[in-house]
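Chemist: Below: one structure in structure tokens.
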Amino acid sequence: MLPDRERNGRESRIFATPVSRGRVLRRRVIGVHTAWTTVGDGEFFCPGCGGDRNYQRRTGRRRFVLLGVPVLPRGAAGPIVECAACGDHFGTDVLDHPTTTRLSAMVRDAVHTVVLAILAAGGTSSRTTLDAAVGALRGAGFDDACEEQLVALVEALAADTGRATVPDCGPGLAIELHEALGPLAPHLAPAGREALLIQGARIALADGPYTPAEREVLATAGDALTIGADEVTRLMVAARTTHF
Ligand SMILES: [Zn+2]
Numbered sequence: 001m002l003p004d005r006e007r008n009g010r011e012s013r014i015f016a017t018p019v020s021r022g023r024v025l026r027r028r029v030i031g032v033h034t035a036w037t038t039v040g041d042g043e044f045f046c047p048g049c050g051g052d053r054n055y056q057r058r059t060g061r062r063r064f065v066l067l068g069v070p071v072l073p074r075g076a077a078g079p080i081v082e083c084a085a086c087g088d089h090f091g092t093d094v095l096d097h098p099t100t101t102r103l104s105a106m107v108r109d110a111v112h113t114v115v116l117a118i119l120a121a122g123g124t125s126s127r128t129t130l131d132a133a134v135g136a137l138r139g140a141g142f143d144d145a146c147e148e149q150l151v152a153l154v155e156a157l158a159a160d161t162g163r164a165t166v167p168d169c170g171p172g173l174a175i176e177l178h179e180a181l182g183p184l185a186p187h188l189a190p191a192g193r194e195a196l197l198i199q200g201a202r203i204a205l206a207d208g209p210y211t212p213a214e215r216e217v218l219a220t221a222g223d224a225l226t227i228g229a230d231e232v233t234r235l236m237v238a239a240r241t242t243h244f
């Protein structure tokens with residue numbers, strides 16, 4: 001029996017290999033046909049052809065076909081995700097992986113959140129800290145990031161979370177960090193996750209040693225990025241001396 005390719009609704013399962021005239025005849029008259037119905041569409045990262053592509057989400061109904069006529073139901077097929085570019089079929093779990101466009105937006109968002117959290121914890125009075133923060137944001141694609149804008153954002157954040165006078169990594173900041181970093185973490189290689197933490201550490205170090213509040217932000221960010229506590233400590237020490 002040949003494998004069931006289930007592609008494009010064409011006849012898929014064949015009950016003979018093409019070795020004799022009789023079998024060739026049987027190929028034409030008997031088989032399993034899958035009729036696909038599209039139930040949704042969108043954009044996904046296709047692991048088959050390796051890029052952001054359109055997809056159709058489809059469910060199918062299998063039927064035995066005799067002389068080209070469907071005769072017996074053979075149950076449901078799918079749901080599957082079909083790539084519009086290469087036509088390959090995948091399980092719907094392929095949609096759990098973000099598109100490259102979405103992934104880069106998530107990384108930008110993560111950098112922005114880490115930078116703001118560090119500034120919120122360490123204050124915005126130091127020019128070197130603000131310079132480092134602006135540099136990190138511009139490196140992440142926020143071309144029009146500037147110090148005034150950052151100061152305003154941090155003040156708004158402090159007012160919002162009621163931390164205008166006592167900087168620390170309160171629940172508000174911790175939630176922000178987990179929301180921005182948590183969904184991203186499974187899709188980044190360890191080096192990518194570490195780079196995010198190191199960026200935060202470098203901003204924290206720009207005006208001197210880590211403050212307790214900055215340490216707390218970095219520990220929370222490391223936790224959200226699924227970096228172990230020991231590794232977070234090692235990276236924080238390494239950020240003091242090593243250029244990444
Ligand atoms: Zn594809």
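Heads up: the sequence shown begins at 1 in full-length UniProt numbering, then just goes up one per residue.
Virtual Cβ for every residue (Gly too), placed ideally from N, Cα, C.
If you're wondering where the values come from, they're calculated on a predicted model, not measured in any experiment.
Just checking Asp109 against ligand 1 - is the residue's beta carbon closer than 8 Å to any of the ligand's heavy atoms?
Modeler: As a working note, residue 109 is residue 109 in the sequence shown. No, ligand 1 has no heavy atom inside 8 Å of this Cβ.
Chemist: DSSP three-state call for residue 251: helix, strand or coil?
Modeler: There is simply no residue 251 to check, as the chain begins at 1 and stops at 244 in what is shown.
Chemist: Give me, in chain order, the residues of the same chain whose beta-carbon lies closer than 6 Å to that of Pro47; leave out the 5 immediate sequence neighbours on both sides.
Modeler: In the sequence shown, residue 47 corresponds to position 47, counting from 1. Counting only Cβ-Cβ distances below 6 Å, and skipping sequence neighbours, we find nothing.
Chemist: CB-CB under 6 Å to Pro73, same chain, minus the five flanking residues each way: which ones, in chain order?
Modeler: Counting from 1 along the sequence shown, the entry for residue 73 is found at position 73. Arg63, listed in sequence order.
Chemist: Looking at the strands, I want to know which residues DSSP matches up with His89.
Modeler: As a working mapping, residue 89 is identified with position 89 in the sequence shown. Note: His89 sits in a beta bridge opposite Glu82.
Chemist: What number of angstroms, rounded off, separates the C-alpha of Asn54 from the C-alpha of Ala105?
Modeler: Start at 1 with the first residue of the sequence shown, and residue 54 comes out as number 54. Start at 1 with the first residue of the sequence shown, and residue 105 comes out as number 105. Roughly 19 Å separates the two Cα atoms.
Chemist: Looking at the unbroken beta strand (DSSP E) that takes in Asp52, where does it start and where does it end?
Modeler: Residue 52 sits at position 52 when you count from the first residue of the sequence shown. It spans 51-66 - the beta strand (DSSP E) in which Asp52 sits, taken as one unbroken run.
Chemist: Going by DSSP, what residue range makes up the beta strand (DSSP E) through His33?
Modeler: One-based indexing of the sequence shown puts residue 33 at position 33. Counting along the chain, the beta strand (DSSP E) containing His33 begins and ends at 30-46.
Chemist: For ligand 1, which residues have a Cβ under 7 Å from at least one heavy atom, in chain order?
Modeler: That query returns the following residues: Cys46, Gly48, Cys49, Arg53, Cys83, Ala85, Cys86, Asp88.
Chemist: Can you give the Cα-Cα distance for Thr38 and Arg57, rounded to whole angstroms?
Modeler: Here the question's residue 38 lines up with position 38 in the sequence shown. Here the question's residue 57 lines up with position 57 in the sequence shown. Cα to Cα, Thr38 sits roughly 6 Å from Arg57.
Chemist: Between which residues of its own chain and Pro183 is the CB-CB distance below 8 Å, once the five residues before and five after are set aside?
Modeler: Taking the sequence shown and counting its residues from 1, the one referred to as residue 183 is at position 183. These residues qualify, in order along the chain: Met106.
Chemist: Gly222 and Val232 look like a contact to me (Cβ under 8 Å); what is the Cβ gap, rounded to whole Å?
Modeler: The residue you call residue 222 lines up with position 222 of the sequence shown. The residue you call residue 232 lines up with position 232 of the sequence shown. The pair is a contact, with the Cβ atoms about 3 Å apart (cut-off 8 Å).
Chemist: How would you write the range of the alpha helix (DSSP H) that His97 sits in, first residue to last?
Modeler: By 1-based counting over the sequence shown, the position of residue 97 is 97. Premise fails: His97 is in no alpha helix (DSSP H) and is neither H nor E.
Chemist: Can you name the start and end residues of the alpha helix (DSSP H) that His178 belongs to?
Modeler: Taking the first residue of the sequence shown as position 1, residue 178 is located at position 178. Where His178 is concerned, the enclosing alpha helix (DSSP H) stretches over 171-181.
Chemist: Quick check on the burial criterion: 16 or more other C-beta atoms within 10 angstroms. Buried or exposed for Arg234?
Modeler: Within the sequence shown, numbered from 1, the residue matching residue 234 stands at position 234. When all chains shown are included, Arg234 counts as exposed.
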